Amino acid sequence: MSEEKNVLSRRTVLKGAAIGGAGLAAGSALSAGTASSASAAGADIHWTTRGGGATGDAIAKAVNDAFTAKTGTKVIAQQVNSDDFQNNFAQIMQGSPDDAFGWMAGWRSNHYGEAGLLADVTAQNKALGKSLPASAVQAATNPVDKKQYIIPTTYYPWGLHYRKSMVKKIGMNPESIVHWDDLIKMMSLTKKNGLVAYAMGDKQGWEAMGTFDILNARVNGYKYHIDLLNGRAKWTDAKTKETFKYFAQLIPFMNPNFMDIDWDGCRDLLLQKMCGAMMMGSWFANDFKAKSQKDYDDLWVVPFPEINKAHGIDTIDAPLDGISVAAKGKNVEGGKALAQFWGSKEGINAAIGAGDTNIYVSKDFDTSGYDAFGKQKLAVLGSAKNIMFFADRDSRGDFAGPILGPALQSFMKNPKNVNKILENTQAQWEALPKN
Amino acid sequence: MSMGMVQDEKYRNNQKRKDGFISLFIGIFAFVWIFPILWTVFTSLRPYNDVISYGIFSWPRHINFNNYINAVKEMHIGIYLTNSLIVTIPSVILTLFFGSLIAFVVTRYQFKFNLWLLLLFTAGNMLPIVLTYIPVFWMFLWVGDLFGNRNMLYNNYAGLILVHVGFQVGFATFVLSSYMKTIPKEISESAKIDGANVFRHYWNVILPLLRPALAALSVLMSTWIYNEFFWALVLMSDDSKRPITSALRRLQGQYVTDFNLLAAGAIIAASPTVILFFVLRKQFIAGLTLGSTKG
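If you read the protein sequences in the order shown, they are chains E and G.
Heads up, the first sequence is in the working numbering, so the first residue is 871 and it goes up one at a time.
Heads up, the second sequence is in the working numbering, so the first residue is 6 and it goes up one at a time.
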């Protein structure tokens, strides 16, 4: 009797669960069905803005509206957090991705392009024609399959930042920090004044790569650096060790708490006149402007000084951003058309009209309105003939962050261990899966 | 007599000293706990420029509510709050419903596999959710493709609700079953004798008695699901469908993050749970001690 009841009760439970589950599924099918049919009927294009807050939304709206006005195709835009998008990129691209989005050149587009997640936009780059400099197109090309998975749009320089007034105060000319010896002299004098001479914050592990990149390029040249980051040269080579000898010279001039602060900790040091120089991407000038115009006018950026005459200052870290198209989006052709529009003169002008302060690679980009610091940024970019994208885009993703970052951290903590650290780095590179 | 008085006094002094120590300790710990929150409030009232120009520990030059005004403007708070409610309310109701059903069966009836069933649900609780992320992701896509609509579960509220229910129902079962064990067997027996069928037994007899436990659990679960960020991030590709925790991510830039604005946003996003806690404080504490006085 009671057993029978038990059986019944189990059925009731199961039935309840089934009804609940079916209800859920039906509900979802209903709501999703309407959404998907709507986007399939019209040839709408979906667009993702990577960060940027209200300004980012405004820029996307301006460009996409201009596209709609020109072609009559509606663009549905959304904004996502830049880090979240980057960290979940593979899953997002395999799920139901938006058709076009801002993305990064280098390993991050080449790798996902090869994996079949990004669409080939070689034809779109060709259509943009002469407005794109050959170097930018070259930089956007996957060296393996020679296809392009990104339409290059903007970039920014990594350079040595300092305050002109502080350099004058120690009796040097802020316009002529051009040689390694100048930098050493500047740092020594700054240190004598009781300040941090070379601001470093490497809590996240990527910040010090900027210093390493440029030192290696200055000492051994662009080609060796790229070879090293892609396994064609060794971390245990004498040439690599030479770079680390220069790196070791910088360490006594750094703030001892470099493991505790982020890049913005360094910026605060410079903003508060507590450090002499800082090697960083030039993206924070607005923070100086926000403090006062005087502080902004005081800020200066120069190419990292020359070390080896053979290479001069011919190389710079200038990460290139652009527009990519999802291969598994619902409207790949529409995405390509929209991506091309973002790289065209009309698109660029619409973006700048909406408050975009980025430097575009396009020759159609008008820089006549630039102030002194903006012009200097362009000059720094123009000084180099080889463009690196930063170690974490020039090398594979499972090497830069997880292996090189910690290696640089332990080197700065204990520079005497350099040989062991480099051996370790090389061994870890060799242990990576070949793909 | 006088001896006793002295002893009493000694005892009282001793007690006083002990109380003093305890108060001191509680004070220190309370301060340690409350300090980050106070610091967040302090940070949220200062302009960003003030902090980066003069340092985090500098004396504030300006104190105002501008960060709150900007945060509300930037966060699109209405959309995200609605999303949070769309996800949280059905998740909590379904979790409690399924949890109580299972708990009812495993405590009111004797099956051989009762203990195993309970263990299974509790053990599932121990699994770190990040481990299950990729399988869940592929399963959602696969189920969607099976029905010809990729977004049936992935990038859909229903999928998110399902995941929350799936991961919370184990804990709900565990708590509800240990609470149900405290309900005397005689009640069930008399219900059966009076001719109640299984569902009536569950719905009209046991469920009303579960009310305090359900109230406590619903408060706990609402807080957890409301604060959840991971699943919403990985299973929703449309930002416009993500919950309030995602609104905070809007305030973080690619390079530059205004931490003062973020602090204001965090306080705004946290306030509903804090208010919920103060309104339902009793249930919350009951929830923490639930089942600890099992008979």
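C-beta atoms are modelled at their ideal positions from N, C-alpha and C, and glycine is treated no differently.
Please read these numbers as outputs of a predicted model, since none were measured by experiment.
Secondary structure of residue 1292 (chain E) (DSSP, three-state): helix.
With a threshold of 16 other beta carbon atoms within 10 Å, residue 1096 (chain E) meets it and is buried.
The C-beta of residue 96 (chain G) has 16 or more other C-beta atoms within 10 Å across all chains shown, which makes the residue buried. By the criterion of a C-beta distance shorter than 7 Å, residue 1035 (chain E) is surrounded in its chain by 1168, once the five residues flanking it on both sides are discounted. Membership of residue 89 (chain G) in the alpha helix (DSSP H) is indicated by the continuous run 82-113. One alpha carbon belongs to residue 1065 (chain E), the other to residue 949 (chain E), and they sit about 41 Å apart.
The alpha-carbon of residue 114 (chain G) is positioned some 11 Å away from that of residue 186 (chain G). DSSP places residue 1117 (chain E) within a helical segment (H, G or I) once states are collapsed to three. With a threshold of 8 Å between beta carbons, residue 1152 (chain E) makes no contact with chain G. C-alpha of residue 132 (chain G) to C-alpha of residue 989 (chain E): approximately 37 Å in a straight line. Selection E:1250, E:1252, E:1253 and E:1223 evaluated against residue 1239 (chain E) yields E:1223 as nearest (Cα-Cα). Think of a sphere of 8 Å around the beta carbon of residue 962 (chain E): the chain G residues whose beta carbon falls inside it are 242, in chain order.
In the DSSP assignment, residue 1277 (chain E) forms no beta bridge with any residue.
Taking a cut-off of 8 Å for Cβ pairs, the segment 237-245 of chain G and the segment 159-174 of chain G touch, as three or more such pairs fall below it. Here residue 1037 (chain E) has 1044 as same chain residues with Cβ atoms under 6 Å from its own Cβ, once five neighbours each way along the sequence are excluded. Burial is judged here by how many other beta carbons sit within 10 angstroms of a residue's own beta carbon; residue 1074 (chain E) has fewer than 16 and is exposed. Proximity of the segment 1286-1300 of chain E to the segment 1083-1100 of chain E falls short of the contact definition, fewer than three beta-carbon pairs being nearer than 8 Å. Within the segment 1104-1175 of chain E, the complete beta strand (DSSP E) segments at least 3 residues long are 1145-1151 and 1169-1172, listed from N- to C-terminus.
As computed with DSSP, residue 971 (chain E) is found in a beta bridge with E:918 and E:1194.
Think of a sphere of 9 Å around the beta carbon of residue 967 (chain E): the chain G residues whose beta carbon falls inside it are 242, in chain order. For residue 238 (chain G), the chain E residues whose Cβ falls inside 8 Å of its Cβ are 954 and 958, in order along the chain. By the Cβ criterion, the segment 1225-1233 of chain E is not in contact with the segment 935-946 of chain E, since fewer than three pairs of Cβ atoms, one from each stretch, lie closer than 8 Å. In this structure, DSSP gives residue 950 (chain E) an extended state, which the three-state scheme calls strand. The Cβ atoms of residue 1010 (chain E) and residue 1022 (chain E) lie closer than 8 Å to each other. Residue 108 (chain G) is positioned such that its CB atom lies no closer than 8 Å to that of residue 270 (chain G). Under the 8 Å criterion on CB atoms, residue 1161 (chain E) is classed as interfacial with respect to chain G. Segment contact: the segment 253-263 of chain G against the segment 951-970 of chain E, three or more CB-CB distances shorter than 8 Å; contact assigned. Counting C-beta pairs with one atom in each stretch, the segment 218-229 of chain G and the segment 133-145 of chain G have fewer than three that are closer than 8 Å, which means they do not touch. Here the segment 273-289 of chain G makes no contact with the segment 59-67 of chain G; the two share fewer than three CB pairs at distances below 8 Å. Partner residues in the beta bridge of residue 1069 (chain E), as assigned by DSSP, are E:1148. In its chain, beyond the 5 residues on either side, 1273 have a beta carbon closer than 7 Å to the beta carbon of residue 1298 (chain E). Between the alpha carbons of residue 933 (chain E) and residue 918 (chain E) lies a gap of roughly 13 Å. Secondary structure note for residue 1256 (chain E): its beta strand (DSSP E) is the uninterrupted segment 1256-1258. Residues of chain G with a Cβ closer than 7 Å to the Cβ of residue 950 (chain E) are, in chain order, 244. The residues 1030, 1080 and 1081, in chain order, have a CB closer than 6 Å to that of residue 1149 (chain E) in the same chain once the five nearest residues on each side in sequence are set aside. A residue is called buried once 16 or more other Cβ atoms fall within 10 Å of its Cβ, and residue 216 (chain G), having fewer, is exposed.
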